[in-house]
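Per my numbering: the sequence shown = residues 13 to 574. For every residue, glycine included, the Cβ atom is placed at its ideal position computed from N, Cα and C. Worksheet: one structure, shown below.
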Amino acid sequence: MIILADLRILVVICLLIGVNSLAVTAPAQLLRACINNDNTVVTLSWNPPEDKCGSFAKYRVYGSENNGAFQLLDEITNLAVSEYPHGLSVINTNWRYYMVTLNTCDGLDSTVSDTIDVDILYPDNIQIDSVSYDLTTQHIIAGWTANIAPDADGYQIYNFSSGDGDSIGYTLETNYTVTTNPKNRFPIVIATLDSCSLSSLLSTPHMPAFLNSNIDTCENEITLNWPLYTGWDAIDSQVIFYSFNNLDYRPLAVVSSGTNSFTFNNFNLGDSINFYVRTFSENKSSSSNIVRIETRELVKPNYVYLDYVTVTNQGQIEIQWQAKPDQDIDHYDIKMSKNGLVFNSISQTNAFTNSYTDVSVSTNQESYFYNIVAVDKCGAAIDSGNISQSILLHLEPNLEHNDYGIWENGVNLYELELQEDGSTWSNIESSASAITPIEELTTGCYRIKATEETNSLSESNVSYSNIVCKQDSLKVFVTESINSTTSNNRFAIYGTGVDHEKSTYQVYNRWGELLVHNRTDQTWLFTYNNKPIQSGVYLYVIDVHGNLGEKRTIKGTVHVLR
13 MIILADLRIL
23 VVICLLIGVN
33 SLAVTAPAQL
43 LRACINNDNT
53 VVTLSWNPPE
63 DKCGSFAKYR
73 VYGSENNGAF
83 QLLDEITNLA
93 VSEYPHGLSV
103 INTNWRYYMV
113 TLNTCDGLDS
123 TVSDTIDVDI
133 LYPDNIQIDS
143 VSYDLTTQHI
153 IAGWTANIAP
163 DADGYQIYNF
173 SSGDGDSIGY
183 TLETNYTVTT
193 NPKNRFPIVI
203 ATLDSCSLSS
213 LLSTPHMPAF
223 LNSNIDTCEN
233 EITLNWPLYT
243 GWDAIDSQVI
253 FYSFNNLDYR
263 PLAVVSSGTN
273 SFTFNNFNLG
283 DSINFYVRTF
293 SENKSSSSNI
303 VRIETRELVK
313 PNYVYLDYVT
323 VTNQGQIEIQ
333 WQAKPDQDID
343 HYDIKMSKNG
353 LVFNSISQTN
363 AFTNSYTDVS
373 VSTNQESYFY
383 NIVAVDKCGA
393 AIDSGNISQS
403 ILLHLEPNLE
413 HNDYGIWENG
423 VNLYELELQE
433 DGSTWSNIES
443 SASAITPIEE
453 LTTGCYRIKA
463 TEETNSLSES
473 NVSYSNIVCK
483 QDSLKVFVTE
493 SINSTTSNNR
503 FAIYGTGVDH
513 EKSTYQVYNR
523 WGELLVHNRT
533 DQTWLFTYNN
543 KPIQSGVYLY
553 VIDVHGNLGE
563 KRTIKGTVHV
573 LR
C-alpha cells in the first residue's frame, strides 16, 4: 500500500510538470509599429504566443502619445490575430505601444511585451558591389553585400536611365538578374527596404562595360572598343581575355584604367575568336559581354566566264559575263584591247552588274578584244575570265570576217544573215568555219551570227557582227513618150540605187506651167485638175538622190499621144 501511494504522488507531480511546460508563459512578441502617412494609421504587428493549455483570454493593447501615460486602446479576444490598426486623428510618429496577454495557464497571471516606438528610422544606405555579365548565360547580374541593419527586409532594384529610378524588381537575396538581354544595358541602382517598407537612399548607378568589335579582313585586324565600367570611385585595371576556336579563355592583354579600345591582329582567316573585358577595382570585378568574331578567307570564284561579245544594231558592243561564287566580289574591271595583247581598263561595275555596253567603238572599222577581271573586297584581282573578240564583217572587195574568240567549246556554227528592204533577218548560208559566199551578194544588209552550243555551265550563247549593207549605184531611166491607148500610159522613173524619199520630179507644159510635183516612186497619168492633158511635148526636171550618196538633176521632154 505504501508503494501504491508513492506511485500516485509521482503521477500527480508529472502531470503538474506537464501542465506548466504547456502554459502560456511568454508574451506576444512585438515586431513593428508602421505608420501610413496617407491614412494616419499605425499598424502594430506581433508574433502570437503559443497556448497549449487553452488559457488565453485576450490581448490588451496600450499606447502612449508624446511620452504620456499609457492608455488601453483595445482588447482582442482572438489569439490568432497578429496585427492591430491604430487610427490617429492627426499624423504623429511619437507614439509608443506594448501588449498584455491574458492569461497564463494558472488562469490568473498575464504576460507583458516589450515597448516599441513607431518606426521612423530609414535603413542604412548600401552600395552595389558590381554589375557584371555572366560569362555562361550573358545575363546582366547586379550584386551587393547584405545590409546589416536589424530590420532590413529586402532590396528594391531600379533602372536609373530616366534619372528617377524605375523599379524592375524586388529580392531578399544579395544579387539580381537585371536582364537576360545582353544588349539591354542600362544604369542600375538599389535601395534597402525595412519591415515598414521604409527605403534607404538609392545607391550610385552602376553599369558594366559593353564590348563592341569590328574586323577588317583586308588588313587582318580586329578592333575592340567599349565604354568603361561606371559606378566605382576608380578603376584599377582592365584585362582583355580571349578564346581561340572555342578553347579555354586566357588573358590577352592588361590595359590601363582609361583605355577603351584595343587592336588585335594575331589570327588567321578561318579562326573563331571570343573576347571579353574584365574590369577590376580593389577587391571587386566585373565582366563585359562576350563578342564572337567568325573570320573566314575570302571566297574566290570558281570561274569568271565572258558569255558573249556582240555588236548591237546601234553599232555599239554589248558584253555579258558571270562569276560564281560571287559573294566576296567587290566589283568587275572591264578591260579592252585592239590587238589582244595590251589591255586597258575602260570601266568598272559593281558586284551586282554583269553586263556592259561600250559606246566608244567603231564597229565597222575594227574588231575589239575584251576581258573581265573580278576584284575582291580588298582590291585584289582574284580571277579573270576568257578573252573574247568581236566579229568584224567586210563586204568589199569580198565578204570577210574574223573568227569569234573565245568560247569554251569554240564556235559551233557561223551563219550569214540577210535583211532585204527592212524585212526580218534570214539565214542564207551556214558553216562551222568562217563564211565566204561563192555567189555574188544581192542588195541588202548582212551580218554574221556565231553560236556556242551548250557549255559546261549548261548554257548557250550568241554573238553578232556589225551590220554591213550592199546597195546598187545610181542608175535612172525615164519614159520618153506615152500613149493613153496602150499599157505605156503613164510617166514613170525606173532605175537602181535611187533614194526615193529624197528624190522628186516636176513636169511643165510649153508655157512653163507646173503640172505635177511627185516623189520619184510615184507615177503620173498625165492629168491636170483631174482632166487628161492634150497631146504634145512636155518638159520634165528630175532631182534624184542615190543610196550611195549620189545626186543628179536630169532634164528632158516626154511626148504625149492621144
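Excluding the five sequence neighbours on either side, which residues of its own chain have a C-beta within less than 8 Å of the C-beta of E233, listed in chain order?
The answer, listed in chain order, is I227, T275, F276, N277.
May I have the straight-line CA-CA distance separating I479 from F355, to the nearest angstrom?
Taking the straight line joining both Cα atoms gives about 26 Å.
Across which residues does DSSP place H557 in a beta bridge pair?
K563, per the DSSP bridge assignment.
Tell me, please, whether the CB atom of V251 is closer than 9 Å to any CB atom in chain C?
Protein chains in the displayed structure number just one, and chain C is not present.
Ends of the beta strand (DSSP E) at W58?
Counting along the chain, the beta strand (DSSP E) containing W58 begins and ends at 53 to 59.
Give me the residue from Q150, D141, T148, D163 with the minimum Cα distance to V201.
If we check each option's Cα against that of V201, D141 comes out closest.
Give the straight-line distance between the Cα atoms of W333 and W419, rounded to the nearest whole angstrom.
Cα to Cα, W333 sits roughly 12 Å from W419.
When the Cα of D484 is compared with those of N501, V510, Y506, I460, which residue comes out closest?
For the residues N501, V510, Y506, I460, the minimum Cα distance to D484 belongs to V510.
Let me confirm a value: D176 is counted as buried when at least 16 other C-beta atoms fall within 10 Å, else exposed. Which label applies?
It is exposed - the Cβ of D176 has fewer than 16 other Cβ atoms within 10 Å.
What residue from H343, A386, S400 has the CA that sits closest to E330's CA?
Cα-wise, what sits closest to E330 is S400.
In the structure shown, what three-state DSSP assignment does A164 receive?
Residue state, collapsed to three classes: strand.
Name the two residues that bound the continuous beta strand (DSSP E) containing I152.
Segment 152 to 156, the beta strand (DSSP E) holding I152.
So the beta strand (DSSP E) G243 belongs to, where does it begin and stop?
From DSSP, G243 is part of no beta strand (DSSP E); its letter is neither H nor E.
In angstroms, rounded to a whole number, what distance separates the CA positions of L34 and P61?
Note on L34: pLDDT 43, under 50, position unreliable in the model; the coordinate value appears next. If I take the Cα positions, the gap works out to 11 Å.
Evaluate I403 with the Cβ neighbour count: other Cβ atoms within 10 Å of its Cβ, from every protein chain shown; 16 or more gives buried, anything less gives exposed.
Result: buried.
Under 9 Å between the Cβ atoms of R197 and Q250?
No.
Just the C-alpha distance for N325 and Y382, rounded to the nearest angstrom, thanks.
Looking at the two C-alpha atoms, the distance is approximately 19 Å.
Check whether the Cβ atoms of N59 and L43 sit closer than 9 Å, and answer yes or no.
Yes, the Cβ-Cβ distance between N59 and L43 is below 9 Å.
Quick check: what's the CA-CA separation for K389 versus S359?
The alpha-carbon atoms of K389 and S359 are separated by roughly 17 Å.
If contacts are defined as beta-carbon pairs under 8 Å, then T116 and S67 qualify, I think. What distance do you get, rounded to the angstrom?
Confirmed, about 6 Å.
Let me confirm a value: A462 is counted as buried when at least 16 other C-beta atoms fall within 10 Å, else exposed. Which label applies?
Label assigned to A462: buried.
For the beta strand (DSSP E) holding Q332, just list the boundary residues, first then last.
Segment 329 to 336, the beta strand (DSSP E) holding Q332.
Considering only the alpha carbon of each residue, which of Y380, D206, Q83, N90 lies closest to N137?
Of Y380, D206, Q83, N90, the residue nearest in Cα terms is D206.
Determine the burial state of N473: buried for a count of at least 16 other Cβ atoms within 10 Å of its Cβ, exposed for fewer.
Result: buried.
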